[in-house]
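Student: What follows is a single structure, and I will ask about it in a moment.
Structure (C-alpha cells):
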C-alpha cells in the first residue's frame, strides 16, 4: 500500500514530463528492436556468404549498416532528451519541496536539521529525477526487446526459447525479493549522508570557533567518523548490488554456454544453419540484456521509492494554518487598540518557560523586555509572531473591540529583527530590499538614516552595491545589525520587534537609533535588550521572572 501511494506521488510529480518520457520510451524501444533485427539480419549475411549469394550478401550488409546508423542517431537523440528532461524534473521537484518547507509549521520544520533538509533537496531529488525519467523507458524498452527476441528465438527453436523464458521469470522473482533490503539500505545511505552534510555545514559556519579553541583535529576526526558511517552504509548497499549482479552474470554465462553447446550440436546434426547458430547466440544475448538490465534497474527503482518516501515525509508535515483573513498593515493597525497575552503557558520539551503569564501592550507603546538569558524573552516574540503557539492561553490583537488571535494572518503588521540578524548574502540593496522589492535607492537610504546605517553605506566604495557574504561576512557585527534594522524599517510594518538588535552598537549610536525609531509616526516597538539605552527610551519595562511576566 505504501509503495502504491509513493508511485502515485511520483506520477503526480512527474506527469508534466510524460510526453518526453513516452518519446524516450519509443526511442529506446526502437533501439532494442533494431538490436534484434541486427541479429536476424546477421543470419542472412552469414547464410548468404556460405551460399555464395553475392546479391543477398550486399543487400543484407547494407541493411546492417543502416541499422547501425539508425541506432547511433536514436541513441544520441535519446541521451540529449533524457538529460534535458531529467534536469527539468529535478528543478521542479527541488523548487516544489523548497516552497513546501517554507510553508510548513515552523516548529515541525525546524525539528529537521538544515543539513538533512539540504540532502533531501539535492541528493534525493536528483535520484528521483534521474530514476523516474530513465526507469519507464528502460523497462518498457527491455520488455519490448525481450518480447521481440523471444518471438524470434521461438521461430528458430521453440523448446530453447521456453527454457530461457522460464529462467527469466525465476530471475525476476529473485530480484523482487531484494526490494525491502535495497530500500532500507538506500535510506540508511541517505540518512548518514545527511548527518555528514549537517556536521560539515555547522563546522564551516562556526570556523572561527574551531580555530580559536584549536579543535581542528577533533572536528576533523568527528567528520571522518561520520563519513566512515556513510562509507559503510554505501558499502553494504554496493555489496548487495555486486552480489546480485555477479550472481546474474554467472547465470547468464551458463545460459550463453548452454546456448552455444546446444546450437552447436544442432549444427552438427544439420538441423540448423551456421547463420541460424549465430542468430540464436545474438538473440540469447538480446534476451539476457533485459534481465541483466533489470539487475541494475531494480536497485535504482528501490532507491527512487526510498528517496520519494523521504520527500513525502517532509511534504506531509502540517502547513501553517491561516484561519482568519490576512491583515492589512496600515488599515488594521489604525484600528488596533492593544496586544494582549492572556494566561499563556509554553515550554520546550518538559521544561516550562512561561506558566500562566499575562501581558498587555498598548498601541504606540515602546516596551523593553528584560531578564536573564534563557528566561523566555525571544520565545515571547516568536509567540507574538505566531511561528510557535502557546500550550495554553492565547495571544490576541484587539482591533475595533474584537480580539483576533495572532498567527500567519497577523504577520503583515509586524517587522522583526531576530538575534543573529540573519542577512542573506548579496548586495546591501538586495539584502535590505527583499522585504520591499520595489523600494527605490532613496527609500532604502531613508530607512538607513533612521537605523544609523546611511553614513557607513556612503563610505563604502560600492555603496548599496557592496556585496555582503554569508552571515554578514565583509561587514562588522554592528553594521550588520543596523542593516537588519534598516530592512525592518523598510518593510513599513507598524509594529517593530527588535531581539537584541543593537547589542553590538556603542551606547551613543544605540541611543540615536532607538530615538529615531521612537520619532517615527504611529509605530509600536517591542525591544529585547539588557542595555540602558533601551530602558531609557521605552515607556514600558517588562520582566520575565519565575515563569511570569511583570510590568513596571
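Numbering (our numbering), first residue to last: 35 to 586. Every residue, glycine too, gets a C-beta built ideally from N, C-alpha and C. Remember, it's a predicted structure, so these values are computed and weren't measured experimentally.
For residue 66, which residues from the same chain have a beta carbon less than 6 angstroms from its beta carbon, with the 5 sequence-adjacent residues on both sides left out?
Tutor: Non-local C-beta neighbours of residue 66 in its own chain, meaning closer than 6 angstroms and more than five positions away in sequence, comprise 175, 178, 179, ordered along the chain.
Student: From residue 446 to residue 363, what does the alpha carbon distance come to, in whole angstroms?
Tutor: Per the coordinates, the alpha-carbon of residue 446 lies some 5 angstroms from the alpha-carbon of residue 363.
Student: Out of 301, 307, 228, 218, which has the shortest C-alpha to C-alpha gap to residue 272?
Tutor: 218
Student: Measuring straight from C-alpha to C-alpha, what distance separates residue 344 and residue 457?
Tutor: The alpha-carbon atoms of residue 344 and residue 457 are separated by roughly 30 angstroms.
Student: How is the beta strand (DSSP E) around residue 487 delimited, first residue to last?
Tutor: From DSSP, residue 487 is part of no beta strand (DSSP E); its letter is neither H nor E.
Student: Taking only runs of the beta strand (DSSP E) that begin and end inside the segment 406 to 452, which ones reach a length of at least 3 residues, in chain order?
Tutor: 426 to 433, 436 to 439, 448 to 451
Student: Compute the Euclidean distance between the alpha carbons of residue 475 and residue 524, then round it to the nearest angstrom.
Tutor: 11 angstroms
Student: So for residue 376, helix, strand or coil by DSSP?
Tutor: Strand, per DSSP.
Student: Please classify residue 151 as buried or exposed, where buried requires at least 16 other C-beta atoms within 10 Å of its C-beta.
Tutor: Counting Cβ neighbours within 10 Å, residue 151 comes out buried, since at least 16 surround it.
Student: Only counting the same chain, and skipping five residues up and downstream in sequence, which positions put a Cβ closer than 7 angstroms to that of residue 166?
Tutor: 44, 48, 123, 338
Student: Quick one, are the C-beta atoms of residue 477 and residue 486 less than 9 angstroms apart?
Tutor: no
Student: Please name the residue, chosen from 586, 361, 535, that lies closest to residue 438 on a Cα-to-Cα basis.
Tutor: 361
Student: Say whether the segment 375 to 392 touches the segment 423 to 435, bearing in mind that this needs 3 or more beta-carbon pairs closer than 8 angstroms, one atom from each stretch.
Tutor: yes
Student: Extract the residue ranges of the beta strand (DSSP E) inside the segment 341 to 389, only unbroken runs of 3 or more that lie entirely within it.
Tutor: 370 to 382
Student: Could you round the C-beta distance between residue 128 and residue 110 to whole angstroms and report it? I think they count as a contact, below 8 angstroms.
Tutor: Not a contact, Cβ separation roughly 28 angstroms.
Student: When the Cα atoms are used, what is the spatial distance from residue 537 to residue 352?
Tutor: 35 angstroms
Student: When the Cα of residue 539 is compared with those of 566, 555, 372, 254, which residue comes out closest?
Tutor: Residue 539 has its Cα closest to that of 566, out of 566, 555, 372, 254.
Student: Looking only at its chain, what residues have a beta carbon closer than 7 angstroms to the beta carbon of residue 97, apart from the 5 residues adjacent to it on each side?
Tutor: 75
Student: For residue 196, count neighbouring Cβ atoms within 10 angstroms of its own Cβ and tell me buried if that reaches 16, exposed if not.
Tutor: exposed
Student: Could you work out which residue in 444, 423, 422, 424 is closest to residue 432 when comparing CA atoms only?
Tutor: 444
Student: So is residue 37 buried or exposed if we call it buried at 16+ other beta carbons inside 10 Å?
Tutor: exposed
Student: So residue 410 and residue 387 are in contact, right, with Cβ under 8 angstroms, and what is the actual spacing, rounded?
Tutor: 4 angstroms
Student: Measure the alpha-carbon distance for residue 293 versus residue 332 and round it to whole angstroms.
Tutor: Between residue 293 and residue 332, the C-alpha separation is close to 26 angstroms.
Student: Kindly indicate the opening and closing residues of the beta strand (DSSP E) around residue 584.
Tutor: 582 to 585
Student: For my contact list, residue 561 and residue 421 are in at a C-beta cut-off of 8 angstroms; report their separation, rounded to the angstrom.
Tutor: In fact, because the Cβ distance is near 19 angstroms, the residues do not count as touching under 8 angstroms.
Student: Quick check: residue 462 and residue 491, are their CB atoms within less than 9 angstroms of each other?
Tutor: yes
Student: For residue 509, is the classification buried or exposed, using 16 other Cβ atoms within 10 angstroms of its Cβ as the cut-off for buried?
Tutor: buried
Student: Which ranges does the beta strand (DSSP E) cover as unbroken runs of at least 3 residues, wholly within the segment 52 to 137, from first to last along the chain?
Tutor: none
Student: Kindly provide the ranges of any beta strand (DSSP E) runs that are 3 or more residues long and lie completely inside the segment 475 to 527, ordered along the chain.
Tutor: Here no run is fully enclosed.
Student: Going by the beta-carbon positions, is the gap between residue 371 and residue 397 smaller than 9 angstroms?
Tutor: yes
Student: Could you check where the alpha helix (DSSP H) with residue 402 kicks off and where it finishes?
Tutor: No alpha helix (DSSP H) holds residue 402; the beta strand (DSSP E) holding it covers 400 to 404.
Student: Quick check: residue 417 and residue 583, are their CB atoms within less than 9 angstroms of each other?
Tutor: no
Student: Do you know offhand how far residue 608's Cα is from residue 549's?
Tutor: Only positions 35 to 586 of the chain appear in the structure, and residue 608 is not among them; the question remains open.
Student: Any beta-carbon of chain C closer than 9 angstroms to the one on residue 173?
Tutor: Although the question refers to chain C, the structure presented lacks it and comprises just one protein chain.
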